[in-house]
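Novice: Once you've had a glance at the structure underneath, I'll fire off some questions.
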Amino acid sequence: MKHSRRFSVYTPVIIAAFVLFSVLCSNETRADKNDSAIGEKIAGTYLLNEDDDGGSRIVTITSDGCWFGIHSYQLENKFSNQQGVWRKEGKRKITVSTLNFSLLKDGVGSSRFTFTVEFDREYQQISGELFGKLFPPGVDPSDPLAVPIKTFSNSFTGKRLIVTDN
Numbered sequence: 004m005k006h007s008r009r010f011s012v013y014t015p016v017i018i019a020a021f022v023l024f025s026v027l028c029s030n031e032t033r034a035d036k037n038d039s040a041i042g043e044k045i046a047g048t049y050l051l052n053e054d055d056d057g058g059s060r061i062v063t064i065t066s067d068g069c070w071f072g073i074h075s076y077q078l079e080n081k082f083s084n085q086q087g088v089w090r091k092e093g094k095r096k097i098t099v100s101t102l103n104f105s106l107l108k109d110g111v112g113s114s115r116f117t118f119t120v121e122f123d124r125e126y127q128q129i130s131g132e133l134f135g136k137l138f139p140p141g142v143d144p145s146d147p148l149a150v151p152i153k154t155f156s157n158s159f160t161g162k163r164l165i166v167t168d169n
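So the number in the numbering used here is just where the residue sits in the sequence shown, counting from 1, plus 3.
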């Protein structure tokens, strides 16, 4: 019985996340619809350091509008990697929308993050802010009327990872 209960909790959450991710990656939100030139300039992997001892993130930005991230505290706090999409907001600025799963006492919830990211002139250094909302199991994180059980925010700085000759 315990196995079927877990299956019944995980299945709707996984399906909802897949549907949401499909919508987020649709042609309407892809970077190449806005400006493919910035996609080529920002594509890469970055190390972000959050203020207020918020930990660190490694994120990969693709030229076609996707964002993949992992956080230094995710094992301790039991949440998954983030996946999402970005769109151009200015000459060297993007807005990112991501999702991840969070293991809660009563099942698997989800979090939705919004990042604002600004790049330096060489596209090597970045800075920005993040805003997050944690939702309980069964709540659609893309629903603008969904009520989060927790919200959080922070600012960050970071740099592009490069291959060195060491």
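Ideal Cβ placement from N, Cα and C applies to all residues, glycine included.
Relative to the C-alpha of Thr154, which candidate in Gly141, Val166, Ser114 has its C-alpha closest?
Specialist: Position 151 of the sequence shown, counted from the start, is the residue given in the question as residue 154. Closest by alpha carbon: Ser114.
Novice: State the start and end residues of the unbroken alpha helix (DSSP H) segment that holds Ser39.
Specialist: Here residue 39 refers to the residue found at position 36 of the sequence shown. First-last of the alpha helix (DSSP H) with Ser39: 39-45.
Novice: Would DSSP call Val120 helix, strand or coil?
Specialist: Position 117 of the sequence shown, counted from the first residue, corresponds to residue 120. In the structure shown, Val120 sits in a strand (DSSP, three-state: E or B).
Novice: Alpha carbon to alpha carbon, what distance is there between Glu53 and Gly131?
Specialist: Within the sequence shown, residue 131 is the residue found at index 128, counting from 1. Within the sequence shown, residue 53 is the residue found at index 50, counting from 1. So the alpha carbons of these two residues sit roughly 9 Å apart.
Novice: Can you give me the Cβ contacts of Lys44 inside the same chain, cut-off strictly under 7 Å, excluding the 5 residues immediately before and after it?
Specialist: Locating residue 44 in the sequence shown gives position 41, where the first residue counts as 1. Result list for Lys44: Tyr126, in chain order.
Novice: Check each candidate in Gly58, Asp55, Cys69, Asp56 and name the one with the smallest Cα separation from Gly47.
Specialist: Start at 1 with the first residue of the sequence shown, and residue 47 comes out as number 44. Considering only alpha carbons, the answer is Cys69.
Novice: Three-state secondary structure (DSSP) at Glu132?
Specialist: The sequence position of residue 132 within the sequence shown is 129, counting from 1. Glu132 falls in the strand class under three-state DSSP.
Novice: In the DSSP output, what is Ile73 paired with across the bridge?
Specialist: Against the sequence shown, residue 73 aligns to sequence position 70. Bridge partners of Ile73: Ile61.
Novice: Tell me Ser145's beta-bridge partners as DSSP assigns them.
Specialist: In the sequence shown, the residue the question calls residue 145 occupies position 142. DSSP output for Ser145 lists no bridge partner at all.
Novice: How is Glu125 classed by DSSP in three states: helix, strand or coil?
Specialist: Locating residue 125 in the sequence shown gives position 122, counting from the first residue. Glu125: coil per DSSP, three-state reduction.
Novice: Helix, strand or coil for Lys94, going by three-state DSSP, please let me know.
Specialist: Taking the sequence shown and counting its residues from 1, one reaches residue 94 at position 91. Note: Lys94 maps to coil in three-state DSSP.
Novice: Once DSSP output is grouped into helix, strand and coil, what is the label at Thr48?
Specialist: In the sequence shown, the residue the question calls residue 48 occupies position 45. DSSP places Thr48 in strand when its eight states are reduced to three.
Novice: Lys162 by DSSP, collapsed to three states: which one?
Specialist: Your numbering for residue 162 matches position 159 in the sequence shown. Strand at Lys162.
Novice: Could you check if Lys91 is buried or exposed, using at least 16 other CB atoms within 10 Å of its CB as the buried criterion?
Specialist: In the sequence shown, residue 91 corresponds to position 88, counting from 1. Under this definition Lys91 is a buried residue.
Novice: Less than 7 Å between CB atoms is the rule here; does Asp55 satisfy it with respect to chain D?
Specialist: Checking the listed chains, one finds no chain D in this structure; it contains a single protein chain.
Novice: So for Val150, helix, strand or coil by DSSP?
Specialist: The sequence position of residue 150 within the sequence shown is 147, counting from 1. Reduced to three states, the DSSP call for Val150 is coil.
Novice: Just to confirm, are Ile152 and Leu137 a CB contact at a threshold of 7 Å?
Specialist: The count along the sequence shown starts at 1 and reaches residue 152 at position 149. The count along the sequence shown starts at 1 and reaches residue 137 at position 134. For Ile152 and Leu137, yes; Cβs fall inside 7 Å.
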